[in-house]
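S.K.:
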Amino acid sequence: MVRGGGRMNNLWDHTGAAGAGYAQPSPLVAESELNLATSLLRKEAPRWPRLSEPEMVRHYTNLSRRNFGIDTGFYPLGSCTMKHNPRVNEVIAQMPGICDVHPHQPEHHLQGLLSIFHEMQHMLAVCAGMDEVTLQPVAGAQGEFTAVRCIQEYFRERGEAQRTRIVVPDSAHGTNPASAAMAGFEIVEVPSTEDGRIDLQALEAVLDDTIAAMMITNPNTLGLFETDIAAAAELVHGVGGQMYYDGANFNAIIGRTSPGLMGFDAVHYNLHKTFSQPHGGGGPGSGPLGVKA
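Written as structure tokens, this is what we have:
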């Protein structure tokens, strides 16, 4: 249905005048010269939609009016930050030297883009107070999973295979427990206090040498800054665990403080939330990972 109560048909249901919407050139080879096998021949004419340009424009304009997004209203996307991206940045991202490169091009063709990546890694590291950044993860949840796997391998190298549990506050981003579970960890949920922040006493009660890390979003999914985050990091580090920062709401604090200053060991960035990478149909964008050395 479209606004006003009218029904919107599928494009394939449009049957205008014969030949409308497409122009088929005259064949270069006579049909008798093709000599195609019968199995390759159509039994009936192709069912192409017959649409004029105005009909096509109206169809997609009506579709766009059914959609709700950042361009049509406030976008309260649950637990994360969705914002306006300046259109000039979209233009930059569509420059041929950026969007038309091919992964099989020789490296000497890609030096400009690789230089952008290199500088970007450094900028992201500075923003979050990390030492190194990888741009490999292609979405925020993949950045999370990459971080969890890095933490897992870190403890395996140290011979601490008993660290099989990850603490996830009930105010953390929803993908945190999923990423940890996919890596084989047991999830330990810690409740919030009445003011919506992490309960330090409850956190301390679950900490021991089986804890690999705590995954937390700050500000949390309630939009509240975790004022006791440094104390929480000290508790987790006290039992040898790692601190992981989910960057879903990083854009609320960037330039004011950093996850590194709060005591985090790993950070994933949502470039479409904190910065202005184009949204892939509303999200996600790339999810780089930063780590402390």
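First residue of the sequence shown? That's 127 in this note's numbering, and the numbers climb one at a time after it.
For each residue, glycine too, the CB sits at the ideal point set by N, CA and C.
Quick caveat: nothing in here was measured; it's all calculated off a predicted structure.
#1: Exposed or buried, what is F200 when buried is set at 16 or more other beta-carbons lying within 10 Å of its beta-carbon?
#2: Round the Cβ separation of N396 and G266 to the nearest angstrom and send it over; I've been treating them as touching at under 8 Å.
#3: Beta-carbon separation of S305 and V274 under 7 Å?
#4: Have a look at C253 and R168 and give me their C-alpha separation to the nearest angstrom.
#5: Measure the alpha-carbon distance for I379 versus G285 and round it to whole angstroms.
#6: I need the straight-line Cα distance from L261 to M308, nearest angstrom please.
#7: So the alpha helix (DSSP H) H363 belongs to, where does it begin and stop?
#8: Put M369 into one of helix, strand or coil per three-state DSSP.
#9: Using CA atoms only, rank isn't needed, just tell me which of Y280, Y186 and E315 is closest to V293.
#10: Taking the alpha carbon of M256 as the point to measure from, which residue in F271, F401, M388 and N136 has its own alpha carbon closest?
#11: Are the segment 356–372 and the segment 325–339 touching, with three or more C-beta to C-beta distances below 8 Å?
#12: Given a cut-off of 7 Å, decide if N344 and I355 are closer than it, judged by their beta-carbon atoms.
#13: Classify E320 as buried or exposed, calling it buried when 16 or more other Cβ atoms lie within 10 Å of its own Cβ.
#14: How long is the line joining the alpha carbons of D197 and E157, rounded to whole angstroms?
#15: Using the rule of at least 16 other Cβ atoms within 10 Å of the residue's Cβ for burial, across every protein chain shown, is S223 buried or exposed?
#16: Using only alpha-carbon positions, find the residue among H235, S412, Q403 and E352 that is nearest to T383.
#17: First and last residue of the alpha helix (DSSP H) that includes L240?
#18: At least one CB of chain D closer than 7 Å to the CB of I380: is that the case?
M.R.: The short version:
#1: exposed
#2: 5 Å
#3: yes
#4: 60 Å
#5: 36 Å
#6: 21 Å
#7: I355 to G364
#8: strand
#9: E315
#10: M388
#11: yes
#12: yes
#13: exposed
#14: 51 Å
#15: Ser is not the amino acid found at residue 223; the sequence shown has Gly there. So G223 ends up on the exposed side.
#16: E352
#17: Q237 to A254
#18: Any reference to chain D falls outside this structure, which holds one protein chain only.
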